[in-house]
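In terms of this note's numbering, the numbers along the sequence shown are unbroken and rise by one, the last being 1432. The C-beta atom is built at its ideal place from N, Cα and C for all residues, glycine as well. These numbers were taken from a predicted model, which means no experiment stands behind them. First comes the structure, then the notes that go with it.
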Amino acid sequence: MFCYVETPYYSELPMEELVNKVSMTKDPTNELQLWKMIALVRDPIERFIAGFVDKCFQAPLYRPEETGGRQYCNGCGPNLTCFVMTEYEKMLNHSSSNHSFVPTSEDVHFFPQNWLCPFERINFTLIKYKSLAKAEDEQNFIDQFVAFLANIPSLSQETIEFVRAQAGLKLGHHTSGSAAYKFVKERIYESQFLMEFLVRMFYWDFKVLGFPLPKLFEIRYGNDLTQYD
C-alpha cells in the first residue's frame, strides 16, 4: 500500500485490478455497500502535534534507523516553524496534481485524514480518537470502538474482548503526556501564525470529520469555515 501511495507509476498491478482479484464478486463498488465501515479519526491539530513529536523529536533520538542519516522532517529537524511551512508547500504541490512530487512516508503521517479515505462517498462510522491522556477519554474511546464491533455478527465475544484489552495498551512511541508534546502544543496555541497555517492545511479535516475549530479561530469566526472555501 505504501508503495502504491508513494510511487503509483512503479506499481506492477493497477489498484483497481488488485481489488478485483481479492473481490469474490469482481464488483468491489457493490461489495463495499455490504461492509460496515469504521474510521478512527483524530483532532487535526492534536494529530499533527503527535506526528511532529514522534517523527521530529523521538525518532532521531530513540529510533535513528528510521532517519538513516538523511535530512529528516523536510530537512527542518525539530524546527517547528520550518516544518509547518515546508509541509504546507508539499500539500499544495500534492493537491495541485504535480506528478513530479512524490510524498514520503513521513508525509503520510501528516497529510490530511480526508485524503486517506473517501469519507464523502462512503458511509463510515467515525470514532474520534483522543490523546488518551485522561482515563475517561480512553474509556470512552474503547467503549465506542467495542460497541461498533459488537454489532458485527461474525465476531465472537472472545475476539471483541481481545480487541478491548489491546485497545487499552500504550504503544512504545506514544507521545501524549510527554514534555515534548506539551512544549509543541504550547508553541502552536500561542502562535497565531502557526495556527493559521495549520487550519489552512487541515481545513477539510475540520469540516468533513466534524471537529471544532481551535478557540483562536472560534473567537474570530464562530465555527464557520466558509472563509477558507
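In terms of alpha-carbon separation, which member of Lys1418, Asn1277, Phe1348 and Gln1395 lies closest to lysine 1293?
Closest option to lysine 1293, Cα to Cα, is Asn1277.
Within its chain, find whatever has a CB closer than 6 Å to the CB of alanine 1153; leave out the 5 residues flanking it on each side and keep chain order.
Given a span of 1204 to 1432 for the chain in the structure shown, any question on residue 1153 remains unanswerable.
Residues near glutamate 1309 by beta carbon distance below 6 Å, same chain, minus five either side
Lys1258
Whose C-beta lies closer than 8 Å to the C-beta of valine 1366 among residues of the same chain, with five residues either side of it excluded?
Phe1348, Val1349 and Leu1352
Alpha helix (DSSP H) runs wholly inside the stretch 1251 to 1326, at least 4 long, in chain order
1262 to 1265, 1283 to 1298 and 1308 to 1313
Compare the C-alpha of valine 1287 against each of Gln1360, Ser1359 and Met1398 and name the closest.
Met1398
So for lysine 1388, helix, strand or coil by DSSP?
helix
Would phenylalanine 1414 and aspartate 1246 qualify as a contact pair, given that the criterion is a beta-carbon distance under 7 Å?
yes
If the criterion is Cβ atoms closer than 7 Å, does the pair tyrosine 1384 and leucine 1243 meet it?
7 Å or more divides the Cβ of tyrosine 1384 from the Cβ of leucine 1243.
Cβ atoms of arginine 1390 and tryptophan 1283: under 7 Å apart, would you say?
A quick correction: the sequence has leucine, not tryptophan, at residue 1283. Taking 7 Å as the Cβ cut-off, leucine 1283 and arginine 1390 qualify as a contacting pair.
Same chain, Cβ closer than 7 Å to leucine 1358, neighbours up to 5 away in sequence not counted:
Leu1352
Cutoff 8 Å; reference tyrosine 1291; Cβ partners in own chain excluding five residues on either side:
Phe1400, Arg1403 and Met1404
Where leucine 1408 falls, given that 16 or more other Cβ within 10 Å makes a residue buried:
Residue identity differs from the one stated: residue 1408 is aspartate in this sequence, not leucine. The residue in question, aspartate 1408, is buried, as its Cβ has 16 or more Cβ neighbours within 10 Å.
Could you compute how far the alpha carbon of glutamate 1393 sits from the alpha carbon of phenylalanine 1251?
Distance from the CA atom of glutamate 1393 to the CA atom of phenylalanine 1251, rounded to whole angstroms, is 16 Å.
Going by DSSP, name the residue or residues bridged to lysine 1331.
Val1244
To which residues of the same chain is asparagine 1296 closer than 6 Å at the C-beta, ignoring the five residues directly before and after it?
Once the five neighbours on either side are set aside, the close Cβ partners of asparagine 1296 are Phe1304.
Return the residue from the list Gln1369, Phe1322 and Pro1356 that minimises the CA-CA distance to leucine 1412.
Phe1322
Give me, in chain order, the residues of the same chain whose beta-carbon lies closer than 6 Å to that of asparagine 1317; leave out the 5 immediate sequence neighbours on both sides.
For asparagine 1317, where only same-chain residues beyond five positions count, the Cβ hits under 6 Å are Trp1407, Asp1408 and Val1411.
The alpha helix (DSSP H) spanning glutamate 1341 covers which residue range?
1338 to 1353
Does the beta-carbon of phenylalanine 1396 have 16 or more other beta-carbons within 10 angstroms, so that it is buried, or is it exposed?
exposed
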